[in-house]
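K.L.:
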Amino acid sequence: MEDVQAKADKRKIAINKVGIKGIRHPVRISDRSGERQHTVANFNMYVGLPHHLKGTHMSRFIEILNQQEWEITIQSFKKMLQEMTYYLQADSGYIEMDFPYFIAKQAPVSKIKSLMDYQVTFIGEANQNKQQVVIKIIVPVTSLCPCSKKISDYGAHNQRSHITVTARVKGFIWIEDIIDLVEEEASCEIYSLLKRPDEKYVTEQAYDNPKFVEDMVRDIAARLNPDDRILAYRVESENFESIHNHSAYAIIEQDKQLHVN
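Here the working numbering is used: the first residue of the sequence shown is 86, the next is one more, and so on.
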């Protein structure tokens, strides 16, 4: 049968990204405990299209996802990116994989266990035989306002916050390593299930550890700076204010390789 997509295009205009968006596919994720999580990821998969080609072969993206059961690590994600660009004969490629990741957490006092979910994204880019993978993790935490605590006779307002760390990494790093780092620098971490003694603990823990949105991004950046596994990062904090009809926001971006002597 005639392959229309493989025909020449006379307009001489290259396309930066063409492919499929919003396809869900089951994957297995290795976690730090040695177990494998089965989850469903949302994929966006694109390649660059040269100016002389009319179109790309959309079905081949699906074939790549279905050709084997992918157990996702940074290394296997790079392999998927490499296979996609090779199979579609493209000079550049891009894969974004977004999935929920679950960690069993113990409540601080009762020690009762429950699953806490985090949103994780792997973003891979290939260009001229160079590959790069970025990990993005959204970590919900509690923040308590230092100003509110200082000026009030009793109590202080707190809020749920989303800390988003986007990191370009070297070698291997566990998803849990980044989550642990973020939670340790919040006023208090969040749990799915708490009994009354646990509620007392987290309330007092946040009160004893007040932090502005600026404090949280700076404290996390101070932890990321000396970590040799992190080549570049962006850390964002959005506090969903409990006494305002807006969010407080801060961001720090750092490419550590630009500062290497």
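Each residue gets a CB set at the ideal place from its N, CA and C atoms; glycine is no exception.
Who are residue 124's beta bridge partners in DSSP?
P.N.:
Beta-bridge analysis with DSSP links residue 124 to 112.
K.L.:
Could you have a look at residue 176 and say whether DSSP puts it in helix, strand or coil?
P.N.:
In the structure shown, residue 176 adopts coil according to DSSP, grouped into three states.
K.L.:
Starting from the N-terminal side, write out each stretch of the beta strand (DSSP E) that is 3 residues or longer and does not extend beyond the stretch 188 to 250.
P.N.:
For the stretch 188 to 250, whole beta strand (DSSP E) runs of length 3 or above, ordered along the chain, are 198 to 212, 215 to 229.
K.L.:
Across the stretch 270 to 290 and the stretch 134 to 149, are there enough close Cβ pairs to call them in contact, namely three or more that are closer than 8 Å?
P.N.:
no
K.L.:
Helix, strand or coil for residue 336, going by three-state DSSP, please let me know.
P.N.:
If DSSP states are grouped into helix, strand and coil, residue 336 belongs with the strands.
K.L.:
For residue 256, I'd like the list of residues in its chain whose CB is within less than 7 Å of its CB, leaving aside the five on either flank, ordered along the chain.
P.N.:
314
K.L.:
Inspect the beta-carbon positions of residue 64 and residue 212 and report whether they are closer than 8 Å.
P.N.:
Outside the shown range of the chain (86 to 346) lies residue 64, about which nothing can therefore be said.
K.L.:
In chain order, which continuous runs of the beta strand (DSSP E) of length 3 or greater are located wholly inside the stretch 251 to 282?
P.N.:
none
K.L.:
In its own chain, which residues sit with a C-beta less than 7 Å from the C-beta of residue 194, not counting the 5 before and 5 after it?
P.N.:
282, 283, 286
K.L.:
Quick check: what's the CA-CA separation for residue 290 versus residue 273?
P.N.:
Their backbone Cα atoms lie some 6 Å apart in a straight line.
K.L.:
Would residue 246 and residue 226 qualify as a contact pair, given that the criterion is a beta-carbon distance under 8 Å?
P.N.:
yes
K.L.:
Across which residues does DSSP place residue 78 in a beta bridge pair?
P.N.:
Because the chain here runs from 86 to 346, residue 78 falls outside it and cannot be looked at.
K.L.:
Relative to the alpha-carbon of residue 258, which residue among 145, 159, 129, 110 has its alpha-carbon at the smallest distance?
P.N.:
Selection 145, 159, 129, 110 evaluated against residue 258 yields 159 as nearest (Cα-Cα).
K.L.:
Where do the N-terminal and C-terminal ends of the alpha helix (DSSP H) with residue 330 fall, by residue?
P.N.:
Here residue 330 belongs to no alpha helix (DSSP H), and DSSP marks it neither H nor E.
K.L.:
Please classify residue 322 as buried or exposed, where buried requires at least 16 other C-beta atoms within 10 Å of its C-beta.
P.N.:
buried
K.L.:
Hey, quick one: how far does the alpha helix (DSSP H) through residue 303 stretch, first residue to last?
P.N.:
Segment 298 to 309, the alpha helix (DSSP H) holding residue 303.
K.L.:
So, residue 184 versus residue 218, is the Cβ gap smaller than 8 Å?
P.N.:
Not in contact: residue 184 and residue 218 (Cβ atoms no closer than 8 Å).
K.L.:
Can you tell me whether residue 94 is helix, strand or coil according to DSSP?
P.N.:
coil
K.L.:
So is residue 324 buried or exposed if we call it buried at 16+ other beta carbons inside 10 Å?
P.N.:
buried
K.L.:
Are residue 222 and residue 239 closer than 8 Å when you measure CB to CB?
P.N.:
The answer is no: Cβ separation not under 8 Å.
K.L.:
Assuming residue 254 and residue 220 form a contact by the criterion Cβ under 8 Å, report the distance between their Cβ atoms to the nearest whole angstrom.
P.N.:
About 6 Å separates the beta carbon of residue 254 from that of residue 220, a gap short enough to meet the 8 Å contact definition.
K.L.:
Check this for me: beta carbons of residue 263 and residue 252, under 8 Å apart or not?
P.N.:
yes
K.L.:
Is it true that the CB of residue 209 sits closer than 8 Å to the CB of residue 162?
P.N.:
yes
K.L.:
Would you mind sorting residue 307 into buried or exposed? The rule is 16 or more other CB atoms within 10 Å of its CB.
P.N.:
exposed
K.L.:
Answer yes or no: do residue 32 and residue 186 have a C-beta to C-beta separation smaller than 8 Å?
P.N.:
Residue 32 cannot be examined here, being either before or after the span of the chain that is shown, 86 to 346.
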